[in-house]
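Asker: Structure below; questions to follow.
Number of protein chains: 2
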Amino acid sequence: MNIITISREFGSGGREIGKRMADILGYAYYDKEIEIEVAKRMNMDVGYVSQAIDRGVLMNIPLHFGMTFADSYAMKQQVGILVEKQRILKEIAQTSHCVIVGRAADVILTEYQPFKIFVYADMAYKISRCQGYAEAGENLSPSEMEKAIRKIDAKRSQYHGLFPGTDWGSKEQYHLCVNTTGLTIKKIVPHIADYARCWFEGQREN
Amino acid sequence: MNIITISREFGSGGREIGKRMADILGYAYYDKEIEIEVAKRMNMDVGYVSQAIDRGVLMNIPLHFGMTFADSYAMKQQVGILVEKQRILKEIAQTSHCVIVGRAADVILTEYQPFKIFVYADMAYKISRCQGYAEAGENLSPSEMEKAIRKIDAKRSQYHGLFPGTDWGSKEQYHLCVNTTGLTIKKIVPHIADYARCWFEGQREN
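Residue numbers (the working numbering), protein chains in the order written: chain Z, 1 to 206; chain D, 1001 to 1206.
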């Protein structure tokens, strides 16, 4: 299967790149669908699943030990959710060509040799992009928005930190790093999709 | 003018990417031509020019002060060479669309808004690539080759360090970072060239 993972700084347009690439390539697209499936399988509320994942990340639960160190009911549940999430990602990876945005899919699915993209941009561009998406009455000032962006990215980095030997955002961990500052994402995506196609062809030849 | 700068780790294939991009796009290509022109204008030997640049970098000459702090004849000559090199790069940038490999062109030409690419690869891949290019009798062991690669990259990073506020190899300084590990460069270059074309179009629209 051809698996494309998109890691991204908040506000850089990584999600849009992922969605458009999936459309162009005819691949399945996964983003929030992962947590929805975890919630369904564990008979839980999606909001609760997302919160439990966040709490698990903050507690730095050693995922590679699985349940061994989970000594309370809440912790067991959090580890259970994180383990289920990984299981779903691996099922997806074996089902069809796909694009997965976030979810540490780049490290969780390493054995499936995904094409790993990192999307980033200058802070000023990310702030203006986020402000453009905010609904009326929801606008944050630029400095509030910057704080929010840094907080979300710190959480993403922390989640990655659960997997030893990985470093979120470090270019060495990715096959292509795309700076979207000032770009119209719709226009550049076809070229990234072509690059990805070529990358997969190369892998098959090697 | 459309200016593409290629910064690259030694052995990653950045030079080949630059040359092929220039061919595909019909742009002028500059690499060692810069030192050759410096030597010609200053009536010096090319080898001497290259050595003087290396020495100047090691001494961390503050280029932005120009001649002010150059108190010995040798130092004056080194600063003179570095300044001439910058002058030539700026002339090139105003002459025609071009691809420039290395030479800190990405920072020296910032005012001309170049499309900045960084090319990198896993160490094992760079070592095997370099060994493939070595002539009979010139082969280094993998560990010797790694040492040589790290030394050359350290020098490139140090040269960049002459320009304040820059950080060689940090993805934030570039528009696209390409990991060539395991790739056939000839095949991926057309897609990078398409991406670059699209990037320049975007800049003109903004």
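Positions of the beta carbon are idealized from the N, C-alpha and C atoms, including for glycine.
Here's a check: name, in chain order, each residue in its chain whose Cβ is nearer than 8 Å to the Cβ of K147 (chain Z), leaving out the five neighbours to either side.
Answerer: Translated into the one-based positions of the first sequence, residue 147 (chain Z) becomes position 147. If we look at K147 (chain Z) and ignore the five residues flanking it on each side, it has no Cβ neighbours.
Asker: Buried or exposed for R1204 (chain D), please, with buried defined as at least 16 other CB atoms from any protein chain shown within 10 angstroms of its CB.
Answerer: As a first step, residue 1204 (chain D) is located in the second sequence; it is residue number 204 there, counting from the start. Classification of R1204 (chain D): exposed, given that the 10 Å Cβ count is below 16.
Asker: When the Cα of I4 (chain Z) is compared with those of Z:T181, Z:K19 and Z:K85, which residue comes out closest?
Answerer: To locate residue 4 (chain Z), count along the first sequence from 1; it is residue 4. Cα-wise, what sits closest to I4 (chain Z) is Z:K19.
Asker: Determine, using beta carbons only, whether G1080 (chain D) comes closer than 7 Å to chain Z.
Answerer: For the purposes of this step, residue 1080 (chain D) is taken as residue 80 along the second sequence, with counting starting at 1. Not an interface residue.
Asker: Note the first and the last residue of the continuous beta strand (DSSP E) segment covering R8 (chain Z).
Answerer: For the purposes of this step, residue 8 (chain Z) is taken as residue 8 along the first sequence, with counting starting at 1. Per DSSP, R8 (chain Z) belongs to the beta strand (DSSP E) from I3 to R8.
Asker: Could you name the residues of chain Z that V1178 (chain D) contacts, counting a contact when the two beta carbons are closer than 7 Å?
Answerer: Taking the first residue of the second sequence as position 1, residue 1178 (chain D) is located at position 178. Within 7 Å Cβ-Cβ: L176.
Asker: State the Cα-Cα distance for the pair Y1029 (chain D) and T95 (chain Z), rounded to the nearest angstrom.
Answerer: Residue mapping note: residue 1029 (chain D) aligns to position 29 of the second sequence, counting from 1. Residue mapping note: residue 95 (chain Z) aligns to position 95 of the first sequence, counting from 1. Going by the C-alpha atoms only, they are around 45 Å apart.
Asker: How would you label N1139 (chain D), buried or exposed, when you count the other beta carbons within 10 angstroms and need 16 or more for buried?
Answerer: As a first step, residue 1139 (chain D) is located in the second sequence; it is residue number 139 there, counting from the start. By the 10 Å Cβ count, N1139 (chain D) comes out exposed.
Asker: Would you kindly report the start and end of the unbroken beta strand (DSSP E) that includes L109 (chain Z)?
Answerer: For this step, residue 109 (chain Z) is matched to residue 109 along the first sequence. L109 (chain Z) -> no beta strand (DSSP E), and no H or E assigned at all.
Asker: According to the neighbour-count rule (16 or more other Cβ atoms, all chains shown, within 10 Å of its Cβ), is E135 (chain Z) buried or exposed?
Answerer: Within the first sequence, residue 135 (chain Z) is the residue found at index 135, counting from 1. Flag for E135 (chain Z) reads exposed.
Asker: Locate the alpha helix (DSSP H) running through Y1073 (chain D), then write down its first and last residues.
Answerer: Position 73 of the second sequence, counting from 1, holds the residue named residue 1073 (chain D). First-last of the alpha helix (DSSP H) with Y1073 (chain D): Y1073 to A1093.
Asker: Closer than 6 Å by C-beta to F115 (chain Z): which residues in its own chain qualify, once you throw out the five before and the five after it? Chain order, please.
Answerer: As a first step, residue 115 (chain Z) is located in the first sequence; it is residue number 115 there, counting from the start. So the qualifying residues of the chain are I4, H175, A196 and W199.
Asker: Would you report the Cα separation of L1089 (chain D) and V178 (chain Z), rounded to the nearest angstrom?
Answerer: Position 89 of the second sequence holds residue 1089 (chain D). Position 178 of the first sequence holds residue 178 (chain Z). Approximately 26 Å between the Cα atoms of the pair.
Asker: Looking at the C-beta of I1188 (chain D), does it have a partner C-beta in chain Z at a distance below 7 Å?
Answerer: On the second sequence, residue 1188 (chain D) is found 188 positions in, with the first residue counted as 1. Yes - at least one Cβ of chain Z is within 7 Å of the one on I1188 (chain D).
Asker: Hey, V107 (chain Z) and I17 (chain Z) are a contact pair by Cβ (cut 8 Å); roughly how many whole angstroms apart?
Answerer: Position 107 of the first sequence, counting from 1, holds the residue named residue 107 (chain Z). Position 17 of the first sequence, counting from 1, holds the residue named residue 17 (chain Z). Incorrect: roughly 19 Å between the Cβ atoms, too far for contact.
Asker: Starting from I100 (chain Z), follow its DSSP beta bridges and name the residues at the other end.
Answerer: Working through the first sequence from its first residue, we reach residue 100 (chain Z) at position 100. According to DSSP, which records beta bridges pairwise, I100 (chain Z) is partnered with Z:T5 and Z:Y30.
Asker: My assumption, with CB atoms under 8 Å, is that L25 (chain Z) sits in contact with A193 (chain Z). Please give the rounded CB distance.
Answerer: The sequence position of residue 25 (chain Z) within the first sequence is 25, counting from 1. The sequence position of residue 193 (chain Z) within the first sequence is 193, counting from 1. With 8 Å as the limit, L25 (chain Z) and A193 (chain Z) qualify as a contact, their Cβ atoms being about 6 Å apart.
Asker: For the alpha helix (DSSP H) that L25 (chain Z) lies in, which residues bound it at each end?
Answerer: Along the first sequence, read from residue 1 onward, the residue named residue 25 (chain Z) stands at position 25. Start and end: G14 to L25.
Asker: Once you ignore the five residues that flank M1123 (chain D) on each side, which residues in its own chain have a CB closer than 8 Å to its CB?
Answerer: Locating residue 1123 (chain D) in the second sequence gives position 123, counting from the first residue. The answer, listed in chain order, is E1146 and I1149.
Asker: Leaving out five residues on either side along the sequence, give the residues of the same chain with a beta carbon under 7 Å from the beta carbon of Q956 (chain D).
Answerer: Lying outside 1001 to 1206, the shown extent of chain D, residue 956 (chain D) is not represented and no answer is given.
Asker: Using DSSP bridges, identify the partner residues of I117 (chain Z).
Answerer: Stepping through the first sequence from its first residue, residue 117 (chain Z) is reached at position 117. Paired residue(s): Z:I6 and Z:L176.
Asker: Between the Cα of S1143 (chain D) and those of D:C1130, D:G1161 and D:G1102, spot the shortest distance and give me the residue it belongs to.
Answerer: Stepping through the second sequence from its first residue, residue 1143 (chain D) is reached at position 143. Considering only alpha carbons, the answer is D:C1130.
Asker: Please list the partners that H1191 (chain D) has in chain Z, where partner means a Cβ-to-Cβ separation under 8 Å.
Answerer: Reading the second sequence from its first residue, position 191 is the one you call residue 1191 (chain D). Residues of chain Z passing the Cβ test: H191, D194, Y195 and C198.
Asker: For F1163 (chain D), which of helix, strand or coil comes out of DSSP?
Answerer: If you number the second sequence from 1, residue 1163 (chain D) lands on position 163. Three-state result, F1163 (chain D): coil.
Asker: The segment 1103-1129 of chain D: which residues have C-beta closer than 9 Å to a C-beta of chain Z, in chain order?
Answerer: Hits within the stretch, in order: K1116, F1118, Y1120 and D1122.
Asker: Please classify A154 (chain Z): does DSSP put it in a helix, a strand, or coil?
Answerer: As a working note, residue 154 (chain Z) is residue 154 in the first sequence. If DSSP states are grouped into helix, strand and coil, A154 (chain Z) belongs with the helices.
Asker: With DSSP collapsed to three states, give me the class of D45 (chain Z).
Answerer: For the purposes of this step, residue 45 (chain Z) is identified with residue 45 of the first sequence, where counting begins at 1. Correct three-state label for D45 (chain Z): coil.
Asker: Which chain D residues sit within Cβ distance under 7 Å of T184 (chain Z)?
Answerer: Indexing the first sequence from 1 puts residue 184 (chain Z) at position 184. In chain order: G1202.
Asker: Taking any Cβ of chain B, which residues in the segment 7-38 of chain Z have a Cβ under 7 Å from it, in chain order?
Answerer: Absence of chain B from the displayed structure is noted, the protein chains being Z and D.
Asker: Check E1201 (chain D) in the structure and name its three-state DSSP category.
Answerer: As a first step, residue 1201 (chain D) is located in the second sequence; it is residue number 201 there, counting from the start. Helix, per DSSP.
Asker: Starting from the beta carbon of K1076 (chain D), find every residue of chain Z whose beta carbon is closer than 9 Å, and list them in chain order.
Answerer: In the second sequence, residue 1076 (chain D) corresponds to position 76, counting from 1. By Cβ distance, chain Z contributes nothing, its closest Cβ being about 39 Å from K1076 (chain D), past 9 Å.
Asker: How would you list, in chain order, the residues of chain D whose beta-carbon sits under 7 Å from the beta-carbon of N206 (chain Z)?
Answerer: Position 206 of the first sequence, counting from 1, holds the residue named residue 206 (chain Z). Chain D residues near N206 (chain Z): G1182.
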